[in-house]
Every structure is written in C-alpha cells, then in structure tokens.
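Peer 1:
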Amino acid sequence: MKINKFLGLGLLVMLSLLVVPLASAGLTSTLNVPVTRGNYTSSITWNVTTLMENTKNVTCYYNVTGGPISESNILGVLVANTSANQTTFTGTVDISGYTDAATYNVTCWTRNDSGNVNNISTGDTITITFDSTDPVPTLFVDLSGASQSYGRGLDYSCTTADGIDSSPTETFAVTHPTGDSPASTSLTLQSTTLAFLDTDYQGDYVFTCTSTDYTGNVGTSSATVTVDSLGRINKISSTTKGFDIGNKWIWLVLIGLGIYLIAKKK
C-alpha cells in the first residue's frame, strides 16, 4: 500500500516537472509591426511583445518566398535595452542592401538568458516586399490636331512604368514664366485671337508630371512650352511631331524650282 503511495507521489512529481517547460514553451510572442504585405523602401520598424521572462533579444529571420525560414538569414536583432525583464522590443532595420522587388517571408524568435527560445505565435510570419525603385513617368505634350499650326490647343498626358507598384500616383503642374500671374495651371485656347488666355505672357511654361509609388519613391518628367510675344506657341522642346505650314511652303518652292530647271534643260 505504501509502495503504491510512493509510486503515485513520484508520478505526480514527474508530471509537474514536465508541465513547467511545456507552459514556458507556450508563452506568446507577438509581431505587431510591420503589417503584413507592406512595401518598404529603405528601412523597417519592428515591434514585438513577449511574455517570456528575462528575454534578452528578438531575432528576425527571413527567406525569399519558396523556401523555409533559415537561421542563417538574419534580417535584424532587437536587443533588450530598457530593463532586465523587458516585454516590448522595438527597432529599425536597414534594408537598403537587400534585393529590390523581392518578396520575403519573415518570422521572429525571442530568446532569454536561460537559452530558451520562443517562436513568434502562429500566424505572425509575415510577407513583405522591398521597393526602393523610382517610378519612371513619361510626359507627352503636343499641339492638338494633325499639324503644329499656331493657335491650336495643347494635349498633355503622362504614363508611368513601375515594375513593383502597379498603381503609382500621378500629379501635374505647370510653372509659368517669372512675372506671370496665372489664374490656372493649364493652357487655355482663345480662338478669336489665336492666343492662349493664360500664356499671353512671353516665356517658357514648364509642364511636370510627378509619379509617387506606395513607398514614397518619386520620379519626374517635364516638358517646356515656349510662348512668343504674341501669345503663340513657338516651340515645345519635348516633342517634334509633324511640321508647320511654313515648312510646307519651303518644300513647294523647292519642288517648283526643280521642275522649272528640268523643263529649261529640255
């Protein structure tokens, strides 16, 4: 009978010893920042909270999508710096040297002074994309219609190429010559005088398209419209589409002269 009691007591002690490490292993660590599937241009801010006692650091590991998390690929280490029993770890990791446009899986582990390791809780492995590439806008500014006769309206548009962010934000602006006080940032045709209402001031008008992607990378493209003293468009530096009526008369004169010389020889 006494033997059974001792056996029962011993079994209870063994079970209690097993429960302690199991409970310790089940402690929760949570990755709060960054958010899942965010795009980051030069650095990432991390925020991890943990219930593990005497945690000394949080190490974040990564892999390129398609493979397991590797302990040899360390993305950043957050070190305890406020107290011996710190529960919140924050820090900023420089990612400028990592492959741009690649997508990474990231998970973080907490470690304490006793050598225990606590993986981030289930579901807190995140997927992020690095993006430090500027979008490339192309600005098109040209006269409306088939020819570049004076007095026509202006067509302008912008297209952006960005292999990472498919929907960058585009903004337009027109800088008027020094001394001009425009009522708007567009060029408005006044057909009665063949002048532009807000370009009767002589000088260069600079169209600019600015494209900004998700992470804040910026690309710009510009074109200069030169207006003469009569308020007519004299030159558009970024485009040479078509030719004006003056050039046509030159060609007609040259052709006529050639026909005359041939006929004279006969």
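The opening residue of the sequence shown carries number 1 in this note's numbering; numbering runs sequentially from there. Note that CB positions come from ideal geometry on N, CA and C, so glycine has one too.
Going along the chain, which residues of its own chain have a beta-carbon closer than 8 Å to the beta-carbon of Asn-32, five neighbours each way excluded?
Peer 2: Within the same chain, Asn-32 has close Cβ partners Asn-47, Val-48, Thr-49.
Peer 1: How far does the beta strand (DSSP E) with Leu-75 in it reach, from first residue to last?
Peer 2: Leu-75 -> beta strand (DSSP E) spans 74-79.
Peer 1: Compute the distance between the beta-carbons of Asp-131 and Asn-39, then report whether it is under 7 Å.
Peer 2: Cβ atoms of Asp-131 and Asn-39: closer than 7 Å.
Peer 1: What separation, rounded to the nearest whole angstrom, lies between the Cα atoms of Tyr-104 and Pro-137?
Peer 2: For Tyr-104 and Pro-137, the distance between alpha carbons rounds to 27 Å.
Peer 1: Give me the residue from Thr-55, Thr-178, Asp-165, Asp-180 with the minimum Cα distance to Thr-88.
Peer 2: The candidate whose alpha carbon is nearest that of Thr-88 is Thr-55.
Peer 1: Could you compute how far the alpha carbon of Ser-83 sits from the alpha carbon of Thr-41?
Peer 2: So the alpha carbons of these two residues sit roughly 32 Å apart.
Peer 1: Do Ser-211 and Glu-170 have their C-beta atoms within less than 7 Å of each other?
Peer 2: For Ser-211 and Glu-170, yes; Cβs fall inside 7 Å.
Peer 1: Between which two residues does the beta strand (DSSP E) containing Leu-31 stretch?
Peer 2: Run containing Leu-31: 29-33, per the beta strand (DSSP E) assignment.
Peer 1: Run through the DSSP bridge pairs and tell me what Pro-137 is partnered with.
Peer 2: Per DSSP, Thr-160.
Peer 1: Would the region 96-112 and the region 62-82 be scored as touching if the rule is three or more Cβ pairs under 8 Å?
Peer 2: Output reads yes: the region 62-82 touches the region 96-112.
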